[in-house]
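Trainee: Sharing a structure here in structure tokens format.
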Amino acid sequence: MHCAIQNAEALDGAHLMQVLWQDGTKSLFPAVWLRDNCQCPDCYLDSAKARKLLLEALDVNIGIKGLTFDRKKVHITWPNDHYSEFEADWLKKRCFSQEAREKLQRQLFLPECQYWGSKFQLPTLDFEDVLKDDEQAYKWLSSLKKIGIVRLTGASDRRGEILKLGKRIGFLYLTFYGSLTVLMARSRRTRYCQALFSVRALSLVWLLSHHLHMAFPLGPCTPGISSSIYKDTSPIGLGPHP
Numbered sequence: 004m005h006c007a008i009q010n011a012e013a014l015d016g017a018h019l020m021q022v023l024w025q026d027g028t029k030s031l032f033p034a035v036w037l038r039d040n041c042q043c044p045d046c047y048l049d050s051a052k053a054r055k056l057l058l059e060a061l062d063v064n065i066g067i068k069g070l071t072f073d074r075k076k077v078h079i080t081w082p083n084d085h086y087s088e089f090e091a092d093w094l095k096k097r098c099f100s101q102e103a104r105e106k107l108q109r110q111l112f113l114p115e116c117q118y119w120g121s122k123f124q125l126p127t128l129d130f131e132d133v134l135k136d137d138e139q140a141y142k143w144l145s146s147l148k149k150i151g152i153v154r155l156t157g158a159s160d161r162r163g164e165i166l167k168l169g170k171r172i173g174f175l176y177l178t179f180y181g182s183l184t185v186l187m188a189r190s191r192r193t194r195y196c197q198a199l200f201s202v203r204a205l206s207l208v209w210l211l212s213h214h215l216h217m218a219f220p221l222g223p224c225t226p227g228i229s230s231s232i233y234k235d236t237s238p239i240g241l242g243p244h245p
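The sequence shown finishes on residue 245 if you use the numbering used here, and the numbering steps up by one all the way, no holes.
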């Protein structure tokens with residue numbers, strides 16, 4: 004894909020960016036989406052294809068302070084003087100046009116979704132039942148497809164339990180860190196340490212096809228100390244990840 008930018012400007016009180024492409028079509032990009040997808044080294048770890056920017060640090064009401072462009076890139080300055088740049092091909096691939104969204108939905112067979120809210124109840128199933136009972140396995144996969152998260156209880160604390168689950172439905176995808184990754188808190192500064200890190204940054208790779216993440220604790224979880232935070236970002240995130 005080789006796209007050329009004819010014009011780019013901020014609209015809607017600088018909360019939107021409109022790009023006019025060389026072929027005459029236009030694309031709109033929300034400012035908050037652009038800031039969330041900043042590709043600079045401070046916000047994005049290219050070696051892991053993962054975001055570094057925490058959700059809690061993202062201003063959902065952010066506007067564009069300054070905008071310049073050339074045929075191949077858009078350059079944006081944010082209110083805190085943070086700088087982002089986006090390549091034309093990268094933007095075009097992720098444009099929000101109805102035609103592009105419908106095409107992507109057809110490719111991914113976008114399922115019915117249930118958004119999380121204050122009354123959301125985390126679906127819970129028995130680990131062994133999912134392994135042995137087809138009906139329970141179907142219920143697990145159906146819930147994952149619709150809701151996006153399911154808790155399985157009753158697994159042993161031995162390593163390899165996730166392998167059983169992976170083999171139950173297909174295969175484990177080989178990632179940058181292997182098919183299995185052990186996450187442990189360590190004092191030295193590494194990717195997985197005691198510092199806060201956005202859960203979405205643990206994404207295996209940025210794929211547009213369906214895949215899921217399976218997390219398994221190797222020991223008992225202590226309330227208030229050993230915890231995981233999950234967030235349904237569908238209401239504020241309108242497009243695919245980079």
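Backbone N, C-alpha and C define an ideal beta-carbon position, used for all residues, glycine too. Source: prediction; values computed, not measured.
1) According to the neighbour-count rule (16 or more other Cβ atoms, all chains shown, within 10 Å of its Cβ), is residue 64 buried or exposed?
2) Anyone know if the C-beta pair for residue 165 and residue 144 falls short of 8 Å?
3) Can you check DSSP and say which residues form a bridge with residue 44?
4) What are the start and end residues of each continuous alpha helix (DSSP H) run of 4 or more residues lying completely inside the segment 71-109, in chain order?
5) The alpha helix (DSSP H) that contains residue 154, what's its start and end?
6) Locate the alpha helix (DSSP H) running through residue 140, then write down its first and last residues.
7) Counting only the same chain and skipping the five closest in sequence on each side, list residues whose C-beta sits under 8 Å from that of residue 34.
8) How far does the beta strand (DSSP E) with residue 67 in it extend, from its first residue to its last?
9) Which of helix, strand or coil does DSSP assign to residue 170?
10) By the 10 Å Cβ neighbour count, where 16 or more other Cβ atoms means buried, how is residue 97 classified, buried or exposed?
11) So which of 36, 134, 174 and 109 has the shortest CA-CA distance to residue 3?
12) Taking 8 Å as the cut-off, does the segment 39-54 touch the segment 98-110 (at least 3 CB pairs, one atom from each stretch)?
13) Check whether the Cβ atoms of residue 7 and residue 22 lie closer than 8 Å to each other.
14) Could you tell me which of 51, 95, 158 and 9 sits nearest to residue 37, measuring between CA atoms?
15) Near residue 150, which residues of its chain fall below 7 Å by C-beta distance, leaving aside the five closest residues on each side in sequence?
16) Please say whether residue 75 and residue 59 have beta carbons closer to each other than 8 Å?
17) Could you check if residue 218 is buried or exposed, using at least 16 other CB atoms within 10 Å of its CB as the buried criterion?
Mentor: According to the data block:
1) Exposed: under 16 other Cβ atoms inside 10 Å.
2) In this structure, residue 144 does not lie closer than 8 Å to residue 165 by Cβ.
3) Residue 44 is not bridged to any residue.
4) 91-96
5) Residue 154 -> not in any alpha helix (DSSP H); beta strand (DSSP E) instead, spanning 154-156.
6) 137-150
7) Within the same chain, residue 34 has close Cβ partners 13, 17, 18, 19, 20, 65, 66 and 67.
8) Careful: residue 67 lies outside any beta strand (DSSP E) and carries neither H nor E.
9) helix
10) buried
11) Lying outside 4 to 245, the shown extent of the chain, residue 3 is not represented and no answer is given.
12) no
13) No, they are not a contact pair.
14) The shortest C-alpha to C-alpha distance from residue 37 to any of 51, 95, 158 and 9 is the one to 95.
15) 117 and 126
16) For residue 59 and residue 75, no; Cβs fall outside 8 Å.
17) exposed
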